[in-house]
Each structure stands twice: as structure tokens, then as C-alpha cells.
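Protein chains in written order, with this note's numbering: chain A, 1 to 726; chain B, 1001 to 1268; chain C, 2001 to 2411; chain D, 3001 to 3052.
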């Protein structure tokens, strides 16, 4: 049989059709289609979170000084979610963006997973024993050389058992150089010391205030204990009779929440406070009897205020209308429970003590000091009652040397001067610090003139970081002894952020340590035990837990149950209010550095963490595209000023100050005083993960420290800057 | 046991005068609902935020400028006949307006990613998974088993934390109850909001705070009787279950569009 | 070489020349396939679409090709239902263009969805209230009908026709083609309409929302009508292009003129309806939602020019050319008219898809503009290139143009 | 699409929509079936083709 082309063609077509029809009618396509929907939901790269028994664990958040109670939801041994603890004294269920993102820090890629040692510029994992051995060896050598004072510690706090243990270690070792990073807490402490003659922290009874006069304090931007402040702000909103006035050159979130926004020339807040005092005194609106009975130096103050701070003069300096000054003063004096507060933004940097005293004087004039709805001088919680550390000769000698940061000498009321630490390291040939411990602080990012800070850190021969995360300062270290994260460790947390009674919270481990980390308290106890003689003897505890439980004594049960303990017995110190220091330091203002036309100021936002911890990915995700776009940070500028510089929305520009320059983009914003450039804090990290590093610019690179003439603390609130379109 | 068969209508009231724009609601939502994140999230047009906080200003010059934050979850629209703009358009019934709760759901495994619902939603409340979700190594540990991580190519959106409703109902059933207390079912954002600006509850239940706050007029598609309350794009007839409150007139006005003619005729 | 396959009585270029041409277009196809594979393997992050532009170039392309592909159903309707006998000389080609348009549309849809493997959910889990469901059903059914209409042409291939079964099958299918055509018209009316409905039902989008008649918004009817009106213009355009490329006259002028005239009048009445619709929407529908006309056209790109371009340049002008005898007889004007008409209907589809996405709805929203990525562009061109190949093959091996032999006698 | 899919409801929308769809499909399906059967019969009875 001959198969011609036609037959072949028809055969071919027929066969193809047959196979096609056969397959189509078989169950195969149906099976494949059905499978396709199952495949598409079971890709191996899409995780399926395992289910299990749910439990809740309470603790206290230590990611910022706010001290909120947190409740962690767990499934088996995994932490799933962090929530605010209902009924907690600080936050009652609410929680901030950083606290919520805590699990991204716990399980995140920025963790230091084990002790690390820098080896030829690279981090190498080492064992805990060899790490501690190495440090102890160095400590012993330094002590042998008779320079115990060259060992220092930079820490985010000086309260609580961990800080006290480190302090105790240094004391027994023979160093006076325990240095706390600075914040408005220092400014308030010093102002209170000067005005009340007593050392205490500040507390505010916001929940009962009916008028809050804020000199730039970002009560809705993370000032104080953020969640508590949000709740207070909502309380003020609930009542028609309560009000918040915000004095600030930029329409911040706080200014937007305020009943009135007073756009002042930045840096003149103290003058305005004095102007308000002028109106109050002039119109006899102050509490005369109280002032007569509980104050001294009032007459000098009165004379000064009346002479130098007439509303006309104040208006000229501050840019606030005369009528407005009078209206504010009347409103303030007329309120039944007013309070005046200061410390700009989140209060992460100290301010001018003259300003703090002037503002506090307003509270005194109106009877809001130690009064309901007002401000309280709160003693530090007094529960750590250890016997004094034992000192041998070396220690006794070392402890008497001058502090490297010069605190307590030229400025007797200033306890810590971290800005001077940097100077004293950079100004000498060899670093006066031989060995530095860094805990709960990231000065290589958070301190002004970052470049200078890094220079100083490079000079320090040996740096020990206790950070749980790879931050900028840790990158400068020689060895890392990673602490447990806040969710993994036990620690007492004295709450420093403006409560009216001393409160101690208890941070509880809610999860087994994720990495090969160790509690910093245990590390110091262990190191002490490896040191000889008096140091070993000063640490009678076997481990940190034992130390804490013994220290807390009968408070332990309450703390473990509720998560916090309030020192109800503490009494506000009722000293005489002395106006004299205020008069003496009249006009001791802090002026911005430089001679340019524009003033660069920073601003704080809840969505950008400015503390020692970098913004976690979730928080970064909420940053608006008018603040960060790609890797470009935007600076805010008034459209009028922008026009002067030929800048339009989104333009790229170069921002130059005497300290450095930054590539930025421009966001036109009507809510800012002309002549001001505002830049967000919290960006420009070089460390942490790829979700944060390399994004935007660090404001601290552009500003340098400016010493407050009263306290010696860095109180720079801005710097003169130039902006040019690129 | 009394079984209440009355339909629920879960909804939200957000006090814009209290909202500080802090962003807690956004992160509370992301961590509750296993929302993924990428290296760069600054392109807000492909950044998944079930609840997104808009920043708006009154458009006035310095120093009369004012600003307001508007948190925008899914509005869980009821439409005019029970049809949300997105629900009626979904070709594959992957989204549904649940009659018994008023929650507009999204079934990720049913969605095939045509994005018609996104085109339909005037609030941009719906988000597409342009990428496969990827968590850095180890971070998948915090993923919640209550909400399945989505695969790429599907649409997702706020569910009013419906899994919390289911969990609360499970618990209630075990305890022999058929009704939830007001505080038993709260969304993650409501719970987290540090300013207490968000109130969540059953709009049909006169005892619930959210009902008292907005006083919805169910005869007029839930229009609020409280003059301080408003909804976004009220005039489109989306019949949203999310209400906003503000004392500020300019904020309330910004909730909906007006033609210039109306404005001038109102003035006279 | 392939002379046995070439229809009798017509001349075709040498196979190598033909193959070279196909290779060029084939390269474009490969480019498109590359884009397609990227989208399937890596996902839609390959596109420049975003959460504000869930519908973009692809959906526009879908709507546009379906609109211009409307020439198939309307010519079929005129030929088989109204019995316009002359049109048998162009209906084959109209069907061929239509098949390509619809295959292209489905292909693009297959790339456009985020989970193509679940594409069948639209049928299986159909939501009968969704315009997209209606589109999917009618579109795929109608593609079936178009293929049925195309099969007899394939069966007329010289070699296939020799097989008795295929000859008989082709003959029988011709016999009852009116039934298929009628079904096709029914399906077409609905899917063209529902494509209009896709945008028209969006009551959250005041730019595209229209009042309803029964369950359908006005855009439903406008889309069906415009597809019927503009589709034939595209058929004419394709015919003319084919004539230019082949250098031969393929369809007699009277056929083209008849189709042009019908199309012209259809466009004319359509554009009046469209104008009325626009006016009513601008004066009543949109203001009731808080918008005035200007709100939709105050963007750099999306200005009022787009409205004039669509209604006057792409509507009235081609309509007026085509309804006048002198106009449609003048080759230059005819070319102008069909080009403008195609442009007009494509612009309408662009506006209904992309401007709907771009226009702000929330009072604090801003315009969102978008430009497609190369993957989107290549995959959009892909079906066009495929279409060119299919048309070329069909032209070469099938008697697509019945009048070709008569118009181009071989000595 | 089918009455056994769970989202199916015997309401007007489904009846009209799916009714229309199945109606159109039936016509096309039956039409093609008719053509194929008739063509087969014709072929067997020796009609068609140009080789006779």
C-alpha cells in the first residue's frame, strides 16, 4: 500500500485529533487543574506557621525609657505578638510602634548571636569563657599598672540593679568613670537641684492637668513615656475645659494635636517663658501667699522680669505676638491645674538650664509645683540597699581621681558629661580611657558630631560592647559580650520618664534565649569573681537572679505578679523654691553654631526610633514617603524659604553645616517657620539590617555639641545651615 | 439558652482629634496579620499596609496650617444593597460581605489575582502581593498560626482581625455562650492604639460604645446621626462601617468631595 | 516548495522571502515570550503596575483588541443574519482578525492575573454578579465560535479540502453558519457590554461609574455599540494594510465602501450617544458624587484634550468622513478615517481603564501616573506579532480573500 | 458554574446568567456535533472530496 502525502496528512491530523480528544476526555486535565490550585498555595517558600498551645507572658518593655507593660502572646515556645498590658500603671493596654516591633528585634538578622571578637577587622565567634578571660586579663593588667580609673563605662541608665552592679564593679575596681548618656532627664535634674536645692527627678501629674503649656515638648511625638503621654493627650481632648498649647517652630504632631500652635523662633523659648512670667507678675496673677511662704529670691526675680522681659521686648526676640504672649499668660494663670513643661521633641538631648529653670519658675509662680496636676520632684526609687563596695588601696586611690568627663567639677550639679568624654579623649595623645564598657547606648550614632565621636572611639584601645544588636558603636568595639534582649532577660526597670511616684517595673524573660547570649548582670558577677580580693568580695551573689531577688526582698512577689511596684511611701521633696539661680543665670542661652542664614533643627517622630536601637523593619515601613524615598531623606522647608533658594517639592539638595554635609531632598511644608530647615532624627544608620542601614542621613553628623553655660551638657538644639540645589 | 440571631455589624469609630499619627495601629496590624515587608518600603504604591495612616493638611499657609492623620483600615463597605464595591466585582467569589458580622472577607487561596477589586475600591484598602513574601532567616518564627501568610499574586486587605472573632466565638461556645462581650472581640489596631483613638464594636448594638459614638442611622444606610461623625466618601454610597470623628470642620469636610457650586451655595 | 499548499489561481512570494518575513516577526514573538516567562516565573513585580494601577496597559490592551476585534461579530452579523451578500468577500478576513484579537486578549489575561494556575476559578467559582465573570465566559465561548467560523476556511486549504470528511465538514458548517454567527453575536453583545460594565459598575470610581439600565450601566451599551461601530473600521484597516504589504488589491471597493458606510453611521450615532452620556455624567452623575468635570481632567497628562481627542478626533471626524460618499471613496480620507476611528476607540478604552485608575477619588488623594515596563510592552506586542504570523500563514495557504483571484488574474 | 459548587444559589441571577451561558454553549455544541455527524454520514455515503 502506497502512502501518499494526502493520506499521511489525514492520518497525522486524525491521530493528533484522536490523542487530543482522548486526553481532553480523560481525567488527566481535571486532575492537573485541580492540583494546580493546590500547588499554588503550597509553595515551599511560603511559610506555614505551626499551631500550638497559646500562652501569655507579661514583662516590661525596655526598648525606650517609657517602661510600658507588655504582654507577649506565645504559641508553644515562639513569641507571636507583643501587646500592651491591660491595667498597667504606665500604658494600660496601649503600646507604641517600637514596642510592637520588638519581635523583629528578637528574631531579626541584627542580633549578635554569640560572643564575638574582632580579628583583623572581622568578627569571629569565640566562647564565653575565652571572651571573659580575655577581658579579665586586661582588667588585671590595667589595675597592675595602677590606672584603674582608665576603665570606663558608657551606659544608657544609671538606675536599677544592672547599672548599679556595673557601677559597683567600677568602684571596687577603682574607677569613678561610670558615664550615663545624656537627655532632658539631666537638665531637669540640674534645674531642680538648683531651684529646690535637692537632687530629684521630675514627675508630671498630666492626668490631672487642665492646661499644659509645652515649650516644644513632643507630648504626641514620644516625649516622656510615650504611651502615657498619648493617653494623657486623649484625656485632655475628652474635656472641653482642658487644653494643650504647643510652643514650637514647626507644626509637629504635638502642635497639630494642640489647641494652639505658637510658632516661636527656635532657641528663644526661655525668653518667652520669662515674658509670660512678666505678664503673670505684672498682672498679679501669681500665687502670692505660696511665693511668700515657700520661695526666696522672688523680689530679684520680679525686678529682673519686669525690667527685661516686657511683652514688647519678648515679642521682638521670640517672634510671638505681644497679644499672644499676654493671652498665653492669662490662660496659664487662669487655669486651675496648669503645668508648663519643656525639653524639645522626645527630650533625647539636654536643653538650656536657663530655659528649664524659667519654665519651672512658671510652675512655681502659679502653684503647680508639687501640686495636683502639676510637677513633682520625685526622689529616685530607693530599693537597692547594698553594703558599700569594698575598696582596696588601688580602688580607694583610683576612685578619688577626677572623672574623665570632668563632671561634678566645673559644673558641680552635673553628674555626667558624656560630650566632654569625647573631647578629653580627642584632645590628648593617648586616650585616657584604656578600656570602655558600653551598655544600652549607641553613642557612635546618637551623639552630635558623629565623626568626632567615632574618632574618639577609634582611639580607645579596648572597647567591650554588651549590645544584643550590631549597632554603630558595637561595630567600633573589640569584643562583644551580647546581652539577652529585653524579651529574654530578667531585670528591674526603674521608670525614669516623668511619673509622679517612683515606680519600678520588672522585665521578665518571656522566652528562652534565642542565641548564645548571656545576661550582663551575670557577666559582671562572673568577672568580679575572676578578679581577686576586694572586687570578688564585693559581689557576694552567685548569679544575677539571686542578686535581684535578694535586693528586691519582699517587693519581688508584687513585682513578679503585677510587673511593677510603686513606692507609695516616697514623698516629694518639699524644698523652698529659690529664684536666685535663675536670676543669676539670666540669658544664659544656647546659641546655634555657624553663620549661615538658615537654621537646621531636628525633629522626632514615633515612627523613627532615635535611641540606641535602630528602627525595626515594621516601623521603617510606616515612614512616610515625604520623609524617606528610596535612600533619600527629605528635609522640611517652608515654601516661602524654598522659593528663595529656588527649590521645589522633591528637589535634590545639599545641606551644609560647619560639621558636615548631607544629600537630601526637599519637602515643602507650610507647617514650618520660614528660615528653618527641619530634618528627621533616626535615619542614616550605617549598621543594623538592610531594612535600615544606608537609608537617609544621620542628623547628628550635621550638628556639633554646644555646651550649655550652666550645666556643661551639650544643649545644641540646631545649627546654622546652607542649602543648595543639586 | 437564648440564642440571639440578630445580625451584627462590626464597625469602627476613629477619633481623629486623638490620633497622633504614631503608627502603632499599622504595626499592630502587620504583626497580628503576618504582613510581609521588603527592603525598600518607600514606594507606598506597592507597600502592604492594611491600615494606612494618611497625613492631610488644611492647605493653609504658615502659620494657619493644621494637619490631621486619618488611619484608614478597610472600610468594610455595605454598599446600598449589601454589596461592597469590591465584593460584587470579584469574579471568583474570593471576597464576601458576611451577613452575620458585616465583615468583608478575603479568601487568599481563592483569589487568582485579577485585581478588579482593587480597581473598585476608592479607599486603596486592597493590596496586591507583587512579590513572594520573604522573611529574613529566623524571623518567620514570630508568624502567627491564626492568619495564613499569603502567596504572591493574590490580593489581601484588613479583615477586622476576623480570626480574633472566630477565636472569641470558639471560647464563648466552649463556655456555653452564644454572645460575645464587647471587649472580647477587638481588632489589633484598636487594642494597640496608645491614644485610645479607635473604638470597635457592633454598630447594631446600642449598648456598644461605637454605636453610641456615631449613632448610625440604619434607615439611611448607616449615616451617622452624630454631627461630629462622618465617613470617607459618604456620597459614593459605599456605606462604610468605619466612621471618623472630629471637632474640626476642615477635617470633616475633607472626608468627602464637594463641587465648588455646592460650597458657594452653602455660603449664601 | 510549498506550492501544493497554496490556493489555486493566486500568486505568493517565494518561500524564503516569506520565511524571512516570518523570522523577523518571530523575533518580536520571542521578545514577548521572554517578557511572558518573566512574569510567570518571577511574578507581576516585573511590571510597573502597583496598588493604584491594578489595571493598566494589559487590561487596556484587552479592551482595545476586543473592541477592534468587534469587526468579526458585526461583519458576521451583517453577512449571516442581515444577509449582506457582498460582505462574504471580507467576512473571512474579519473572522481571522477577530480570532487573533481574542486569542491575544486571553493570552494577555493569562499573564495579567497574579495566579495564572488558578485562572479557571473564574469559571468554576463564578460570581454571576461580576462583570468580569460575564466577560470571561462570553469571551471564551465566543472565541470558540470564532474558531468554528474560521475552521471552514482552514478546511478550504487545497490539501485539506481533498479529504472527503473535511470537505463535507466545511460544507456542513457553512450551511449552518448563521446559527453559529447568531450565537456569536449574542455572546459578543454580552462580553463587549460587560467589558464596558467592568468600568461602569465601579461606584467607588466616579470617573467611570455610570447610571444603570436594568442591571447594566450605560457603558455596557456604549461598549457593545462602539465595538460594532469601530470594529469594521479595524477590519478595513487590516485589509488595507494587507493590500499594501502584498501589493495587491484583495477586496473590491464596493465591499469596503459598504462596510465603511455602515461603520460610519454606527460611529456617528455612537458618538452622539457617547456625547450625551458624557454630558449626563458630567452634569448629573459625577456632581451627585461630589465631582465636577474639571476634577477629572486637571492633570498634566489627563487634561480635557483627551475628551476632545476621543469624541471629535476619534469620533465625529471619522464618522463624518465615512458617511459621506466622497469621503469613503477617497483613499486618503478612508485611510484617515479608519486610522482615526481605531485611535478613537482605543483611546476610549485607555481612558476607561487607565484614567479611571489615575484620577483621585479621596479628597486627599493625588493623581497617580504610570508607565509600563518593557515586560508589559513586550507581552502586549506579543499577540500582535502572533497575529501577524497567523494572518500571514492564513493568507498564504488559505483562500482568505475570495475576490483575490478575480482582482489579480495570473497570466 | 455548576449547581454543586458551593457558591451556587438557585436565584434569578444564577438562573438567568448560567441559563444564558449553558444555552449558548448547547447551541454551539449541538451545532458542531450535528456538523461532524452529518459530515461523517456524507463521507460514508461517498459525497464530497474532489477525487471522484
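Where a beta carbon is used, it is the ideal one built from N, C-alpha and C, also for glycine.
| request: Establish whether the CB of residue 2147 of chain C and some CB of chain A are separated by less than 9 Å. | output: no
| query | What are the start and end residues of the beta strand (DSSP E) that includes residue 720 of chain A? | reply | 719 to 725
| Grouping DSSP H, G and I as helix and E and B as strand, with all else coil, what is residue 690 of chain A? | coil
| task | Classify residue 2328 of chain C as helix, strand or coil using the three-state DSSP reduction. | result | helix
| field | Burial state of residue 1963 of chain C, where buried means 16 or more other Cβ atoms lie within 10 Å | value | Nothing about residue 1963 of chain C can be read from this structure; chain C reaches only from 2001 to 2411.
| said: Which residue wins for smallest C-alpha separation from residue 2491 of chain C, given the options C:2174, C:2200, C:2033 and C:2139? | reply: Nothing about residue 2491 of chain C can be read from this structure; chain C reaches only from 2001 to 2411.
| field | Residues sharing a beta bridge with residue 78 of chain A, DSSP | value | Secondary-structure assignment with DSSP links residue 78 of chain A through a beta bridge to A:75.
| At a Cβ cut of 9 Å, what residues of the stretch 2163 to 2186 of chain C count as close to chain A, listed as they run along the chain? | Going along the stretch 2163 to 2186 of chain C in chain order, one finds 2163, 2165 and 2166 with a Cβ nearer than 9 Å to chain A.
| task | Establish whether the CB of residue 2125 of chain C and some CB of chain D are separated by less than 9 Å. | result | yes
| query | At what residues does the alpha helix (DSSP H) containing residue 3035 of chain D begin and finish? | reply | 3012 to 3044
| said: So residue 690 of chain A contacts chain B; which residues on that side make the cut at Cβ distance below 9 Å? | reply: Taking the beta carbon of residue 690 of chain A as reference, the chain B residues within 9 Å of it are 1039 and 1136, listed in sequence order.
| Under a CB-based cut-off of 9 Å, is residue 1139 of chain B close to chain A? | It does: the Cβ of residue 1139 of chain B has a partner Cβ on chain A nearer than 9 Å.
| query | How long is the line joining the alpha carbons of residue 434 of chain A and residue 139 of chain A, rounded to whole angstroms? | reply | So the alpha carbons of these two residues sit roughly 9 Å apart.
| message | Could you pull the DSSP bridge partners for residue 1106 of chain B from this structure? | response | Beta-bridge partners assigned by DSSP to residue 1106 of chain B: B:1095.
| When the Cβ atoms of the stretch 166 to 176 of chain A are set against those of the stretch 373 to 390 of chain A, are three or more pairs found closer than 8 Å? | Contact between the stretch 166 to 176 of chain A and the stretch 373 to 390 of chain A is present: three or more C-beta pairs spanning the two stretches fall below 8 Å.
| task | Leaving aside the five residues before and after residue 1115 of chain B along the sequence, list all residues of the same chain whose C-beta is less than 7 Å from its C-beta, in chain order. | result | 1128 and 1155
| message | Beta-carbon within less than 7 Å of residue 356 of chain A's beta-carbon, same chain only, minus the 5 sequence neighbours each way: which residues are those? | response | The residues are 187, 188, 191 and 342.
| request: Using a cut-off of 9 Å between C-beta atoms, extract the partners of residue 157 of chain A located in chain B. | output: Result: empty, since nearest Cβ-Cβ is about 23 Å, beyond 9 Å.
| message | My output table needs one value for residue 386 of chain A: the three-state DSSP class, helix, strand or coil. | response | It is coil, neither helix nor strand.
| What are the boundary residues of the alpha helix (DSSP H) that includes residue 159 of chain A? | No alpha helix (DSSP H) contains residue 159 of chain A, which DSSP labels as neither H nor E.
| task | Round the Cβ separation of residue 376 of chain A and residue 205 of chain A to the nearest angstrom and send it over; I've been treating them as touching at under 8 Å. | result | 7 Å
| query | Below 8 Å, can you find three or more Cβ-Cβ pairs linking the stretch 108 to 127 of chain A to the stretch 230 to 244 of chain A? | reply | no
| field | Contacts around residue 1022 of chain B, its chain only, beta-carbon distance under 7 Å, and the 5 residues preceding and following it disregarded | value | So the list reads 1194, once near-sequence residues are dropped.
| Cα-Cα, which of B:1122, B:1144, B:1085 and B:1089 is closest to residue 1031 of chain B? | B:1144
| What is the C-beta distance between residue 496 of chain A and residue 185 of chain A, in whole angstroms, given that I count them as a contact (C-beta under 8 Å)? | 6 Å
| 9 Å Cβ cutoff, residue 2039 of chain C in contact with chain D | no
| request: Could you check how far apart the C-beta atoms of residue 658 of chain A and residue 593 of chain A are, in whole angstroms? I think they sit under 8 Å. | output: Confirmed, Cβ separation roughly 6 Å.
| task | Using a Cβ cut-off of 9 Å (strictly closer), state whether residue 19 of chain A contacts chain C. | result | no
| Quick one: is residue 2121 of chain C near chain A, going by C-beta distance under 9 Å? | yes
| field | Beta carbon proximity, residue 629 of chain A to chain B, threshold 9 Å | value | yes
| query | Within 9 Å (strictly less), CB to CB, does residue 2412 of chain C reach chain A? | reply | The structure shown does not extend to residue 2412 of chain C, since chain C is modelled only from 2001 through 2411, so no value can be given for it.
| For residue 2404 of chain C and residue 1 of chain A, the rounded distance between their alpha carbons | The predicted model places residue 1 of chain A with a pLDDT of 48, which falls under 50 and marks its position as unreliable, so this point remains unresolved.
| task | Could you tell me the distance, in whole angstroms, from the CA atom of residue 2318 of chain C to the CA atom of residue 2258 of chain C? | result | Residue 2318 of chain C and residue 2258 of chain C: Cα-Cα distance of roughly 15 Å.
| task | Quick one: using the 10 Å Cβ neighbour count with 16 as the cut-off for buried, is residue 2008 of chain C buried or exposed? | result | exposed
| task | With 9 Å as the threshold, decide whether the Cβ of residue 482 of chain A is near any Cβ in chain B. | result | no
| query | If we ignore side chains and look at the alpha-carbon of each, how far apart do residue 3014 of chain D and residue 1104 of chain B end up? | reply | Linking residue 3014 of chain D to residue 1104 of chain B through their CA atoms gives a straight-line distance of about 22 Å.
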